[in-house]
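Take a look at the structure below.
2 protein chains.
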Amino acid sequence: MCELLGMSANVPTDICFSFAGLMQRGGGTGPHRDGWGIAFYEGKGVCSFHDPEPSAQSRIAQMVREHPIKSHVVISHIRQANVGRISLENTHPFCRELWGQYWTFAHNGQLDQKLFQLPLGVYRPVGTTDSEYALCWLLGTLREAYPEPPATPELFRFIRQQCDQLRELGVFNMLLTDSQHLFAYCTSKLNWLTRRAPFGEASLKDDDVVVDFCQQTQPGDVVTVIATEPLTENEQWQQMRSGEMQLFVEGLAVTVD
Amino acid sequence: MCELLGMSANVPTDICFSFAGLMQRGGGTGPHRDGWGIAFYEGKGVCSFHDPEPSAQSRIAQMVREHPIKSHVVISHIRQANVGRISLENTHPFCRELWGQYWTFAHNGQLDQKLFQLPLGVYRPVGTTDSEYALCWLLGTLREAYPEPPATPELFRFIRQQCDQLRELGVFNMLLTDSQHLFAYCTSKLNWLTRRAPFGEASLKDDDVVVDFCQQTQPGDVVTVIATEPLTENEQWQQMRSGEMQLFVEGLAVTVD
């Protein structure tokens, strides 16, 4: 299993605190030694780092941890390889352009070989993971169904329906974003938490770090963090149900239907 | 004008020395203050860094400079903005997937507004630069002409023909790679140099650095560096002609036709 980390915020926010916890799980407190990656959005642009080295020892991870890149949407992943060898092209998150937007995706879980029989459209995988194949299939069907971007509720329903289909092939926890929308789909394990005023202190489970968000935030800030396992021990995380998809926009959980 | 830097090598090679020279031109010895980016290939995978900050002051650039990422193909760019505001989505190099390969592209020059009338196929720009539009058009026509990748000579001729068309719209110096092939097209300014045994010393024009490649290389290594302006002062650079396209594979200039 791999670990996912996502963030959605209404103001550019740095993810250093949550990232510090996640990175320890990559060969430190966890078994996820097979690479890691992170994508930060600034507007429609995305800046990403990928490293096939264990995150706990990675110099790039160290820099990301210490370098407060402010972003409104982040997706990160640390990998324990199952399908696909350890290499840069198999390192999440994966990205493709659709409708003039960069779509970034990370997956935790494992899908049946039958996945590779699903017909691909425009997008082809570069590496050999089930995850990248699933993204290529999903975006290919999305593009075929909608030559132009649909309204958010329709987009939500279409993506959920495709995720339901992937869930029949195994474990499919994922984070997907187009820079505006952040979709989180759960099969087995995904938790999220929204921080907003009044802000308090939070202490990381995996590392000896406490942050007082009160000192780092403005009263109007809203930030949601999504992670495979709760990253802090003194906050109330929402556990997602199997088959549930949740949309986040500008830091807030948005209900669609 | 922006500055381009490319590398093709037959063994994983670090580009720290050339990158050190280029980065000084980003707000140090040169006027290219409007962001920079670099893409490193390892096999079919690509790891890239993009920063809208001036490269001479960039902490990410500092890390890339000190962190010897070994790669067989590299494309880098520092920007002096003309078309498109300074932002992450307008920062080169740009990347799209075609035929299951990541295609990375950087451009120096400026193209006429007529460019934006060229019809796009599958790929759409995310930002507003002429450069990203040109890439989307070029790859769209390539995909339409060849649903599957053609042989290298045919690929070369098709890309050169499309570049010739872009050159009619203005200044179009570019570097383009699919991880195996590195294409360099010149309208006004592009220079290259192949280093192979016997290796000697090289000293950077822009920074007080001398490298003895003899101590860093094996006798069989072949490395080509391509840059807008020669980066070293004591080596013989080949100046490209206007309308010339040169292909590099595994460090060597390859003649096609």
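Chains as they are written, first to last, in the working numbering: chain A, 1 to 257; chain B, 1001 to 1257.
Quick reminder that beta carbons are idealized off the backbone N, C-alpha and C, glycines included.
Here the structure is a predicted model, which is why all the values come from computation and not from measurement.
(Q) If I measure Cβ to Cβ from A1151(B) and keep anything under 6 Å in the same chain, skipping five residues before and after, which residues do I get? (A) Answer for A1151(B): no residue qualifies.
Q) Where in the stretch 37 to 90 of chain A do unbroken runs of the beta strand (DSSP E), each at least 3 residues long, occur, reported from the N-terminal end onward? A) Those beta strand (DSSP E) runs which fall completely within the stretch 37 to 90 of chain A and span 3+ residues are 45 to 51, 70 to 78.
(Q) Here's a check: name, in chain order, each residue in its chain whose Cβ is nearer than 8 Å to the Cβ of F17(A), leaving out the five neighbours to either side. (A) Excluding residues within five positions, the ones whose Cβ falls inside 8 Å are A202, L204, V209, V211.
**Q.** Closer than 7 Å to chain B by CB, E89(A)
**A.** yes
**Q.** Identified DSSP bridge partners for R124(A)
**A.** In the DSSP output, where bridge partners are listed per residue, R124(A) has none listed.
Q. Roughly how many angstroms separate the alpha carbons of R1096(B) and Y1102(B), rounded to a whole number?
A. Taking the straight line joining both Cα atoms gives about 6 Å.
Q.
Which residues does DSSP list as the beta-bridge partners of D1257(B)?
A. In DSSP, D1257(B) forms no bridge with anything.
(Q) With a threshold of 8 Å, are at least 3 pairs of Cβ atoms found where one atom belongs to the stretch 1102 to 1116 of chain B and the other to the stretch 1062 to 1079 of chain B? (A) yes
Q. In whole angstroms, what is the alpha-carbon distance linking R1160(B) and Q216(A)?
A. 52 Å
Q: Find the nearest neighbour of L1098(B) within the set V1126(B), S1188(B), C1136(B), judged by alpha-carbon distance.
A: Minimum Cα-Cα distance from L1098(B) among the listed residues V1126(B), S1188(B), C1136(B) corresponds to C1136(B).
Q: Have a look at C1186(B), F1248(B), F1213(B) and flag the residue whose alpha-carbon is nearest the alpha-carbon of L1004(B).
A: If you compare the alpha carbons of C1186(B), F1248(B), F1213(B) with that of L1004(B), the shortest gap goes to C1186(B).
Q: Check the Cβ of R1124(B) against every Cβ in chain A and list those closer than 7 Å, keeping chain order.
A: E97, W99, G100
Q | Under 7 Å between C-beta atoms of S1008(B) and F1248(B) | A | Against a cut-off of 7 Å, the Cβ pair of F1248(B) and S1008(B) comes out as a contact.
Q. Which of the three DSSP states, helix, strand or coil, is assigned to Q1236(B)?
A. coil
Q: Leaving aside the five residues before and after L1120(B) along the sequence, list all residues of the same chain whose C-beta is less than 7 Å from its C-beta, in chain order.
A: C1136, W1137, G1140
(Q) Report the CB separation of W1036(B) from D1051(B) in whole angstroms; it is logged as a contact under 8 Å. (A) 6 Å
Q. Excluding sequence positions up to five away, which residues of its chain have a Cβ less than 7 Å from the Cβ of F1199(B)?
A. F1213, C1214, T1217
Q | 7 Å Cβ cutoff met for E235(A) and L182(A) | A | Cβ atoms of E235(A) and L182(A): not closer than 7 Å.
Q.
Bridge partners for F1017(B) per DSSP, in chain order?
A. Answer is none; F1017(B) lacks a bridge partner.
Q. By how many angstroms is the C-alpha of Q1162(B) removed from the C-alpha of N90(A)?
A. 32 Å
Q: Please compile the residues from chain A whose C-beta is within a distance smaller than 7 Å of the C-beta of R1059(B).
A: H67
Q) Does the beta carbon of C1047(B) sit closer than 7 Å to a beta carbon anywhere in chain A? A) yes
Q. Which stretch, first to last residue, makes up the beta strand (DSSP E) that contains W1137(B)?
A. It is not in any beta strand (DSSP E) - W1137(B) instead sits in the alpha helix (DSSP H) that spans 1130 to 1145.
Q | Sub-7 Å separation of V46(A) and P153(A) beta-carbons | A | Taking 7 Å as the Cβ cut-off, V46(A) and P153(A) do not qualify as a contacting pair.
Q. Out of curiosity, what's the CA-to-CA distance linking P54(A) and A134(A)?
A. 24 Å
Q. Using the rule of at least 16 other Cβ atoms within 10 Å of the residue's Cβ for burial, across every protein chain shown, is Q24(A) buried or exposed?
A. buried
Q) Which residues in chain A sit within 9 Å of E1042(B), going by Cβ to Cβ distance? A) P52, S87, L88, E89
Q) Looking only at C-alpha atoms, which of Q1180(B), P1068(B), I1038(B) sits nearest to P1149(B)? A) Q1180(B)
Q.
With H, G and I counted as helix, E and B as strand and the rest as coil, what does DSSP make of C186(A)?
A. Coil.
Q: Taking M7(A) as the query, report the chain B residues whose CB atoms sit under 8 Å from its CB, ordered along the chain.
A: Correct list: empty, because the minimum Cβ distance to chain B is about 17 Å.
Q. Which same chain residues, not among the five before or five after F1094(B), have their C-beta less than 6 Å away from its C-beta?
A. Answer for F1094(B): F1105, E1132, L1135, listed in chain order.
Q) In its own chain, which residues sit with a C-beta less than 6 Å from the C-beta of N1010(B), not counting the 5 before and 5 after it? A) Same-chain partners within the cutoff: V1222, E1250, G1251.
Q.
With distance defined between alpha-carbon atoms, name the residue in G100(A), A61(A), V64(A), G21(A) nearest to K44(A).
A. G100(A)
Q. From V1122(B) to R1143(B), what does the alpha carbon distance come to, in whole angstroms?
A. Each residue's Cα considered, the two are about 8 Å apart.
Q) Along the chain, where does the alpha helix (DSSP H) that runs through Q162(A) open and close? A) Where Q162(A) is concerned, the enclosing alpha helix (DSSP H) stretches over 152 to 167.
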